[in-house]
Every structure is written in structure tokens, then in C-alpha cells.
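Mind the numbering: the sequence shown is residues 26 to 739 in this note's numbering, read in order. Single-structure report; data block below.
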Amino acid sequence: MRFKKFAAFILSAGLILAGCGMLPSPSSTIKAPRVVSARAEINGDIIATAQEYLPPGAKLAAPSGTDTAIFEKDLDFSPDGKSEILVTYKVGDNPPEIGAYVLRQKDGKWQKVWQQQGFGYALDHVGFANLCGDFKPEVLIGGTIGASAGNGLDIFSWQDGTLKKIASMGYHKLDVLHLPGKYGTEKSSDGRAQLAVWQKDTGTAMMVDVLRWYEIGLVPAEDLYPEYFPKVVEYYQQQIKAMPDALYLWYYLADAQQKAGMPQDALKSVERGLSLKGDYPPEYEFEMVKGKALNDLGEYEEAISVFNDVLKAKANVPKPAGGQQPDEPAFLKRVKAEALLNMGKSYEGLKQYEKAEDYYKQSLDMTKSLFKDSSNGQISEDQLLAMFPADKALRRLKGIKGYERISQYLATLKPEERWQKLNNLDEWGKEQNIAINHLEAEAQDGGLLQTLLVDFTTDPESMGAVDGHAIFWWDKDKFHFQVFYSADEDAHGFSQAFTAMKARLSPGENNTVEMGVIYDSAAGGSGSPVPEYRLFRLEEGKWKIIWSSSYPLARWPHMRAEVSFVGYGLSELAMHGDLWGFQDGKEDIFWESNPGPHRLFQAKWTRDGDGYGLTEFKVLASAYSSLVDFVYDISTGKDAEAEQLVTDKALIDRAKELKLVQDPLGQRWQIDLDDPSVERRGPIKIISGPATGVEIHFIEKDGRFLISKINKRL
């Protein structure tokens, strides 16, 4: 079966997962971000305003290390010009109980739109970070629970006009990061934040992980480990100087070194740790780190031997009454499921893919055994979370098999046959049972690399579920290749639905080569194409993502459209499409479905350094667009604006008489679309709702469509 994509990491203090909010309306993304200056916007003193809404007996309370309990600078839940402030407070003194609330302005007045109490007895952290990539900040509130228990972090996302909790976890130290990862460059941060979570184990030892939000959960950001874990290595090296014989410190140092990309050092630390006396952590935990480090070094057969030793581990648990053999404890099953997963990676490294697949499936089955079958047959969220690593490995392995076959074939092509063979690559794919979408990047300048983009799947019936997105290029007949597997979407953003539509190469600065690629992010879907754009730069033999239209600050409308390169090189992009799904408050006046009706738009992005800025966005003139604006205006009391859409202002009274006012707004009336041209020029006849039978006529004047007549036909 195909599993949903969920997180895989659960801290020992517990991690509660829920969904991030939906992306905001495209209309909000094309507005200039609001510059928050709440002191200028708020009527009266900000402190007095905050205190007015305090619960009975409460006092303002600032987080540790700060002097403010009122936060407004980084708060902009929706770029609609409305002000928001978050206030933290305490109730009582011994011990106090910590709470917080959000005030938001509406119609010039403040309203309390969210409040929660019970964050602990002291505030450790209040912060705002865009974790979800949804253009608005998540709220991070950390409360102190106890000296040994540490702090509890609650993460909230703005949804439906209030804050909703999307995750909770324990921590002792928290870092908010903006790391590019191996798929990007230092300049290409996508605006999303990541979290480095430190949680106390024993003594000065802490468990550390780096997490990013992916769909509905926080997942380990393993591609970021080499960037962050050198800091963790340094921490443990300092701790060991003070306690050189602490077994647990050597274990955590080895673990950090392996994650930091220092496998040789990790093996030395494992050896040193195993030479010491002690029973925590158990030997099999050291062996797990050793096996991972050996995998990193390509010593796969030795790693397999180590993981086999882990699988033989026994737990020191008392026998139950009666002397029967005790069941293997759940914690040891989790360890063995991880060993099976890593043994699969060993066989994958040896290119013994059938064995790799078998061990991944064994890991999946062992993980499943940790959960009881539900009475309704549904897989629980916790179970999906636990199953995610092995399921992801299986999906990635499927991509590896197809990618290797394509790479091997292209590597054999001689220069004189390359052009013909590449043109027929999809036919070759059919023979190999691989579905292929491919295109060659346009090169406007001579001397640029011949570059081929290939989206592929080993399931020919499912090009809407692509296994991988490969780039192949020839530099003076030297063959190079790179792939972005869909299973790693959380790290690079290329989902199973991505297929390349257009690509162009251009010279970059300092003798580099750049490539712009326009993808369809909804391949195989009814709304296709929904374009996305990636700007790549070839650096140190790899294509790195420099800019992406999916970045929160890109303000890219993710709707059905066409995108093209304008002029020379990669300096400008033009987009035109329809506004089906354009949530600006007008989308539900009429029934805007896939077949129609639609308002149309055009937009332009202009290159600015290593990114693009939106320099033009406008809704195109049409009879339907004018009617949408007209009904919206008269339904919201904006008669002055409605006058600009009619040839005679008496038509406003006529429209109201014929019940063109929607109360409430958004009744999804249907219009007669037997003749598709009515969207463009009219007349438009309404065929549902209280205005059924009303027909609106238009004339075109100065590039606009004005309402010239409103009749009702029975």
C-alpha cells in the first residue's frame, strides 16, 4: 500500500503532531509584506492595551533573558494589514502558571482571538519562525516544567483566524536554524526554519536532533546533519575533557561524529567507549553507531556483520511468573528495526537490491509488530510515524533501480549517436519498463553543457507518481549525473508530481553555469499544469538550488498557468493563467470549477541577484471578471467602486432589485457556459440562486468590460 508521508522522529518526552495550516490565498502572497509597526498602529499605549485583556489575577510575564511580555515585531499571521500582538502572563506566585493570548485588530478594535494557559511555571522561550513554509510565522512557546524534566515546547500555527497547536515536545536547549542543506547554497535559504532540539539524557549528555516540518510533522532533517552536528561534536569533546571515562559521553560523541560526516573519528570513539567499564549505553548501541559509520565509509560487508550482532542482542528483563520466556521488550524491537533498516542500506550500497528490499520490509514488519491492530482496521498516526523511515527507504530504492538503468544507458552513448538516442529515450524507456518524461535544456550561448532532464518511474502506468528527477550533462564528452529522489521531497521539494516542462541554460557569474527549470507540480492531475520554478547553479560538480518558487517569500501563485522565459538568459519570467482557487474573497461568488468559469491573470518575475522579485501582477479584463468585481462591490457596500464597472450608475439599483447582492457573500451561483465565449465578452446568464434568470450585458471600453444592461428572463 502507499503510505501517507509522516514524520519519523519522536522525542522521549513525546511529540504530538497535527497539520500545518493551508497555504494562504494567492491574493495575499502578491501583496507587499506588511511592515509591522504596532506602536504606530495601536490606538493608545501598547502596555495598557495588553493589560486590559489580562485574565483576573494575572500579571505580564517575560521569558527568561528578556524584558518584554508583549510581542508584535515579528508577528504577521496574515499580510492583510491587520495588527496582532502576543502577550505572555502568569497567574499566581507559588508556583505561577504561565499563559499567553493573541489580540488582533478588527474594525479598529482589539479582539482576543486565542488564549492558552498551562505552559509551566516559568517562560523559557517565545519565538516566531516560519516552520511550515506557509508565508506566516509559527509561534514557539517554551515553558519550564522542572529542573530535570526541562522545558516543554508548544508550536502553534495560524489557522481559521486563531492559533492551533501543531506539535509539542520536550527540550533542554533549542536552536532555531536556517540551513540550506546539501541541495541548496548558503544564499538559497528557503525561508523555512528548522529546529535543533537538545534533550537531557544523563549527566551532561544530551540527545540531539535537527528537525524540519514536512507536510504534517517534524521529521529528522538528515541532510542538515553535516552542517549542524560539528557543533555537537565540539560540545562532547569539551565534556570528555572533564570526564574522560564517562561511557555515555563517548557514545554521544561517536553518534555526533557519525552524523557530522566524520565516520573515521566515530569509529575511534566507539572503540574508546567499548574499552570502558559501564552498562549504559549497552554495547549494542555502540555497535549501531559503528555499523552506520562503516556504511558511510563504504565498508558494507563489515557493517552487515555488525548489524547482525545487534540483531542478536538480548535484554536483561526479569522472567514473568511461571518461568516462561519473556517477550522481547518494545525498546529492543525498535533498536532491531533500526538495525534491519541500516542493514538494508548496506545491501543497497553493495547494489544487492533484492536483499536491501527484503531488509527494509523486515524493518517495516518489526515496526508494525509494536502496534496493536485497531478495531476498525485503521492505521494509527503513531504507527505511520514509526513506519515512515522504512517506507521512505523502499520508495527511494525503487527510484535508485530506475536511475541506475538510465544512467548506465546514457553513459554508453557515443557523441555521434547521442542526438538520435536522446530523442528516442522515451521509447527506450518503454522497452525497459520505465516511464520517462525528458527534455534537453535550451542553451542560448555556444559552449554551454549539453544537459538533459529526466523524470522517471518504474511504474509506467503512473507518471503522476515520479520516482526521481534526474539531471544528466556532458562536459567535453565527460558524462555527469545527479538525481533528486521524490522520497527525499522533505529536503529538496521535488514531489512525485513534478515533471520538467521547460529548461534554459545561461552563463553565471565567476564562470559558472546556471539553469532555470519550469516544472509542472501537478503532473497527472486535473488542474495541470501548476508551474513551479527552480534556479540551479553548477557548483563543485553538483547542481545546487539557488532559488525556488516554493520559497515562502517568493509570492508565487500556485495555480494552473503557463510560465515562459522572457528575453535573453534567465533574467525574466512571464506567467499567465486562470484564478481558479484564487482565494481573495471573490472565489465563491460563482461556481469556479475546473471547467470554468475563470478569471485570468498575468504576472512577471524579474531576476534580482540570486532570486526573483514579483514586478507585475494583474487580473485580465473580461466580462466575467467585471461581473465578479461588481457583485462583490455591491454585496460589501462599495457602491462607489461598483460605479466604475457600469455605464450608468442606475444599474446598481437595478442589480439590487434583481437580487444580485449576496448576503452572505460566497453563494457559488452558477452561470450558463454553453458558449465559452461568454466569459470573455458576455452576455452572462445566471442559472442558480435568487438571481436565476438574470442576464448581464457588457460593452468593451478602454480595455475594460463595463456592464451596460441587466435584464431578467423567465
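The beta-carbon is built from N, C-alpha and C at its ideal position, and this holds for glycine as well.
Can you list, in chain order, the residues of its chain whose CB lies under 6 Å from that of residue i, leaving out five sequence neighbours each side?
{"i": "LEU578", "result": "GLY216"}
{"i": "LEU365", "result": "TYR384, GLN387 and SER388"}
{"i": "THR229", "result": "GLN264"}
{"i": "GLU597", "result": "VAL591 and THR631"}
{"i": "ALA328", "result": "GLY316, LEU319, ASN320 and SER371"}
{"i": "LEU435", "result": "PHE497"}
{"i": "LEU278", "result": "TYR261 and SER294"}
{"i": "ALA468", "result": "LEU530"}
{"i": "GLY552", "result": "ARG585"}
{"i": "LYS380", "result": "TYR372"}
Between which two residues does the beta strand (DSSP E) holding residue i run?
{"i": "ALA338", "result": "No beta strand (DSSP E) holds ALA338; DSSP gives it neither H nor E."}
{"i": "LYS503", "result": "503–510"}
{"i": "TYR731", "result": "Correcting the residue type first, residue 731 is Leu in the shown sequence and not Tyr. Looking at the DSSP string, the run of the beta strand (DSSP E) that includes LEU731 is 729–737."}
{"i": "THR640", "result": "636–644"}
{"i": "TYR126", "result": "122–131"}
{"i": "ALA147", "result": "147–154"}
{"i": "LYS137", "result": "134–142"}
{"i": "ALA495", "result": "493–500"}
{"i": "ILE265", "result": "First-last for ILE265: 250–267, but that is the alpha helix (DSSP H), not the beta strand (DSSP E)."}
Along the chain, where does the alpha helix (DSSP H) containing residue i start, and where does it finish?
{"i": "HIS517", "result": "514–517"}
{"i": "ALA291", "result": "288–299"}
{"i": "THR392", "result": "378–393"}
{"i": "PRO440", "result": "440–448"}
{"i": "ASN320", "result": "308–321"}
{"i": "TRP275", "result": "272–284"}
{"i": "LYS681", "result": "675–682"}
What's the call for residue i, buried or exposed, on a 16-neighbour Cβ count within 10 Å?
{"i": "THR524", "result": "buried"}
{"i": "LEU473", "result": "buried"}
{"i": "THR482", "result": "buried"}
{"i": "LYS527", "result": "buried"}
{"i": "SER89", "result": "exposed"}
{"i": "LYS284", "result": "buried"}
{"i": "GLN264", "result": "buried"}
{"i": "GLU22", "result": "Any answer about residue 22 is impossible in this case: the structure gives the chain only from 26 up to 739."}
{"i": "LEU336", "result": "exposed"}
{"i": "GLN224", "result": "buried"}
{"i": "HIS203", "result": "exposed"}
{"i": "THR631", "result": "exposed"}
{"i": "GLU682", "result": "exposed"}
{"i": "PHE504", "result": "exposed"}
{"i": "ASN176", "result": "buried"}
{"i": "ARG738", "result": "exposed"}
{"i": "PHE730", "result": "buried"}
{"i": "PRO51", "result": "The predicted model places PRO51 with a pLDDT of 44, which falls under 50 and marks its position as unreliable; any figure quoted below should be read in that light. Answer is buried; the Cβ neighbour count reaches 16."}
{"i": "ALA411", "result": "buried"}
{"i": "PHE160", "result": "buried"}
On the DSSP bridge assignment, give the partners of residue i in chain order.
{"i": "ASN367", "result": "Partner(s): none; ASN367 has no beta bridge."}
{"i": "VAL222", "result": "LEU199 and ASP234"}
{"i": "PHE96", "result": "LEU111"}
{"i": "GLY541", "result": "ARG529 and LEU560"}
{"i": "LYS417", "result": "Partner(s): none; LYS417 has no beta bridge."}
{"i": "HIS463", "result": "VAL479"}
{"i": "MET600", "result": "VAL588 and ALA628"}
{"i": "HIS722", "result": "LYS734"}
{"i": "TYR239", "result": "GLY242"}
{"i": "LYS397", "result": "DSSP, once it has assigned bridges, lists no residue as partnering LYS397."}
{"i": "TRP694", "result": "PHE615"}
{"i": "ALA468", "result": "LEU530"}
{"i": "PHE181", "result": "VAL164 and LYS190"}
Please work out which residues of its chain come closer than 7 Å, Cβ to Cβ, to residue i, disregarding the five sequence neighbours upstream and downstream, and give them in chain order.
{"i": "GLY374", "result": "ASN320, GLY323 and TYR325"}
{"i": "LEU639", "result": "ILE55, ARG580, ALA628 and TRP630"}
{"i": "LYS426", "result": "TYR378 and THR483"}
Excluding the 5 residues preceding and the 5 following residue i in the sequence, name in chain order all residues of the same chain whose CB lies nearer than 8 Å to its CB.
{"i": "ILE571", "result": "GLY209, THR210, LYS212, SER213, GLU539, LEU560, PHE561, ARG562, ASP635 and GLY636"}
{"i": "HIS722", "result": "GLY707, PRO708, ILE732, SER733, LYS734, ILE735 and ASN736"}
{"i": "GLY117", "result": "GLY82"}
Please report the Cβ distance between residue i and residue j, rounded to the nearest whole angstrom; I am assuming they are in contact, meaning their Cβ atoms lie under 8 Å.
{"i": "PHE615", "j": "LEU645", "result": "Not confirmed; about 17 Å, so no contact."}
{"i": "ALA94", "j": "TYR78", "result": "That pair is no contact at about 12 Å."}
{"i": "LYS710", "j": "ASP697", "result": "4 Å"}
{"i": "LEU178", "j": "LEU156", "result": "Going by Cβ atoms, the distance from LEU178 to LEU156 rounds to 12 Å, so no, they are not a contact pair."}
{"i": "ASP603", "j": "HIS623", "result": "4 Å"}
{"i": "GLY168", "j": "PHE153", "result": "Going by Cβ atoms, the distance from GLY168 to PHE153 rounds to 16 Å, so no, they are not a contact pair."}
{"i": "GLU465", "j": "LEU447", "result": "7 Å"}
{"i": "TYR126", "j": "LYS134", "result": "No, TYR126 and LYS134 are not in contact; Cβ-Cβ is about 16 Å, not under 8 Å."}
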